Structure formats: C-alpha cells, structure tokens
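To get the working numbering, take the position in the sequence shown, counting from 1, and add 9.
C-beta atoms are modelled at their ideal positions from N, C-alpha and C, and glycine is treated no differently.
Fair warning: this is a prediction, and the values are worked out from it, not measured in the lab.
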Amino acid sequence: MPLSPQSAESLPSSGRQSFGVNSVSEFLAQFPVPQGLPSKSWQDLPVTFLHDNEIALIDPEMSMEEASSILIDRELSALPILAAKGSNEIVTTFDYADLNAFLLMVVGFDDFNDDRYKELTEKVRAGNVVTAYEVSLLGKNKDVFMTIPHTTTLGELAKTLASGIRRVAVTNENGDLSFMASQRSIIRFLWNNIRAFPDLEPLMARTIHSLDIGSCDITCISGDEKVALALRQMNQTGIGSLAVVDSQFRLLGNISLVDVKYVTRSSSVYLLNKSCAHFLSVIKSEQGIRAGKDSAPAFNIYESSTFAFTLAKLVATQCHRLWLVQSPSCPPSPKNNSHFTSSSGGVKVNQLLGVVSLTDIISVLYAHMKGTLIPPPASTHRHGRRGSTSSHRSHSKASGDINMRR
C-alpha cells in the first residue's frame, strides 16, 4: 500500500524535498494496484469508502476534561455534541480550537469580554464542572455542522470540501450519524489507492509551481516569542497553525492547534512561557517517544515539489497544510519573490514563501476531475491567482506579521 503515516521514513531525505518528475511513475509503480474497488473513477465511489473510524458523539453535559481526553486519546479532530442525551440532533462540535480558547481563558493569556466568558471563568474559579458544550462556545472559525447521506459520491464530497469546509458528517441508511469525512481522509484514501485511479497518475508529476497553488498570505511567529502568544494568535485569528521562523524568515517548524495537548496538563503549563523554538523541541521529543525513534515530521515543500510528493507528505505528517520554502537549487517565482525586497538581502534557502493547504489540494483534485485544471506552463502562459479559500481568508501578510513579532 502507498505511503502511510507509519511509513514516513519512505519519503526522500530533507536534502531532497521531492520525487523527481521523471521518477514519479517509477515510484508509483512500486505499489500494487488495490483490488476490490468498484470503479477506476474515484469521483464515482461512494463516501463510505472513507469510513475508517466510528464517530464519537458526546452529550452536552459531558465535562470538558472527559471530552478533551476522548479528543486527544482517540486522535480525533472534533467531537459532535448532541442537543440532549439520547437525541440524534447535533448542535455543535468540540475541537482543539475550543480547548485552546479555554486554556487561554483559564490562565489569563487572552481577553474575553463577553459576559458568558466571565461567567465561565467564575465557574472555573469556583471549582464547578465545566461542560464541553460550554467550552465549544469559545472557539472561532468553526465550520457549519453539515451532514451528507452515505450515497454521496467522492466527487460530490470533493466539491464541498474544495469550498474550504474541513469536515462533514455522513449518515447511514437509517439517517443516523455514522462517521466523519474530512479533507484529510479523502486525500489519504486517494493517495493510499492511487494505483487504482490511472486518471490521477499524470497529475502526480505536476509541480506546485506548475499548478500555481498556495497562498502568499501567511501568518507566522518568531521562534523567540512565547508559546502563549502563538496560541493566542491562533485563537484570535481562527487559523489552525503557525509557521515558526527565525530572524531571517527561515522556517524552523510548525505549531498547530493540536499541539495545545502538550500544555493541557498542570505539569506542562509552564511551557506557555517558553519560546516557540523550545516548544518545537518538546514536540519533536514527544513525537519521537510515540514513534519509538528520534524523529519529527518536516512540514515544508518547494515550488519544485511534485503533487505526488506533496500528497505523500500530507499523509505522512497528518497535517492540514505545508509551508512553501525556498529551494537551495531553484530561484523563487516572481509571485513569491515579490514579498522580499533588496533590503532584506534577497531570498534565502528555507525562507518562508507561502502555504499550501488541504483546500488547495482538494481544489486541484476537483478541477482535474472537472477538466478545468490550469494546463502545464509549456502549453499556456501562467497567471498568478490567489490560494485556497481557507488560506486566503484566514492568513495575514507574512512580511507584515514577522515584523510585528520581532
């Protein structure tokens, strides 16, 4: 089976950030053609092929602590909250954005002027139980909770997810909630079964540059800044992750909302006052312990990276976006180079250029399916365009952001 999160070591080394265009076919040929799929057209398959984890529904009375444990221990992205115990109606979800907002409120690292936040703070100080539903009101930039029937095709799902919606709930033949289908799950399915879909193989050799995807509008933070500021920034802007950079705007790593799990224990709250660079080393250590080795995922790609390599890295790292950085062998495109002036000394190797999100990837797959994908540069003049809906909406100018946080 093609590259999975457990086989990240199959990726090229950090010194070679892509499969060469000529070697993509050879790389894909290593894997057997999956059996048992009813169609060679991925877009015609029912969404039930993404069913790999039962949905975890929680009652509105469940405590925030218990819900957090389920979220973290079962490695879920969100927990749908029922309108009432025994009900089938979903009112909202509890996710890492909510957990992050709650943590910031409790430790006093963010300002919540709304009366309900003040009431919740008083409830915490009094030692009363705080429910997951109450905390779910704190998070920002939540997707509208959507349900789709189990007969929905992957092509129809891709259209929805390409709009920037990150996940939807799938109902079974009885109308009951069955599982969550997400941007990440459809990408994982397509990559793990890539040999079953011959129509996708030519797309795999296209580069990020030729596809003209991603956004130059990014939010980052200096490695010298405190972790609390990074978490606060994500809470205030509603974005899911930040690039951590050095004084030369070179990528050091990535801090995401999911990483709030490393500071939720009372013994680890002190990390909020540590630098983001130090926090990256803590994350690497924790991930190395879980994986049984001293390793951590690299969240960067180049403009020269192939679509195949980008998919492989998204699946291996289980992240929601990859940071576009300057390659040591190729100059940046005019679109990305325009963010750096001569006073900055020009673009440096590993310097942050942009971001490629799951929405960008889904948009490429959907455009390829519809026959509207931008042709390779050899057959058409390349025009710049904005990045994904979610990236463009939720990120601020990279150049301005880094100056503000020095």
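- Proximity of the segment 34-45 to the segment 132-142 falls short of the contact definition, fewer than three beta-carbon pairs being nearer than 8 Å.
- Put simply, the backbone Cα of L146 is about 16 Å away from that of E74.
- Distance from the CA of P384 to the CA of R83, rounded to the nearest whole angstrom, comes to 41 Å.
- P211 sits in a helix when the DSSP states are folded into three classes.
- For A87, there is no enclosing alpha helix (DSSP H); the enclosing beta strand (DSSP E) covers residues 87-91.
- In this structure, the alpha-carbon of I371 lies about 6 Å from that of A167.
- One Cα belongs to T156, the other to P337, and the distance between them is close to 45 Å.
- Only exposed fits D61, as fewer than 16 other CB atoms lie within 10 angstroms of its CB.
- For D369, the number of other beta carbons within 10 angstroms of its own is at least 16, and it is reported as buried.
- The DSSP-derived three-state label of I99 is strand.
- Beta-bridge annotation (DSSP): I157 is paired with V179.
- One thing to note: S77 has its Cβ no nearer than 7 Å to the Cβ of L112.
- DSSP places L362 inside the beta strand (DSSP E), whose first and last residues are 361-366.
- Uninterrupted beta strand (DSSP E) stretches at least 3 residues long and entirely within the segment 196-249 occur at 229-231, given in chain order.
- The beta carbons of P55 and L186 sit about 16 Å from each other, so the pair does not count as a contact at 8 Å.
- Remark: C-beta atoms of L170 and V254 do not approach each other more closely than 7 Å.
- Around the beta carbon of V324, 16 or more other beta carbons sit within 10 angstroms, so the residue counts as buried.
- Taking A106 as reference, the option from G247, L46, N97 with the minimal CA-CA separation is G247.
- DSSP places D104 in the strand class (E or B) of the three-state scheme.
- Contact fails between the segment 305-316 and the segment 267-283, because fewer than three Cβ pairs, one in each stretch, are under 8 Å apart.
- Rounded to whole angstroms, the Cβ separation of K357 and R197 is 33 Å, and the two are not in contact under 8 Å.
- In the three-state DSSP reduction, I310 falls in the strand class (E or B).
- In this chain, the beta strand (DSSP E) harbouring A190 covers 186-191.
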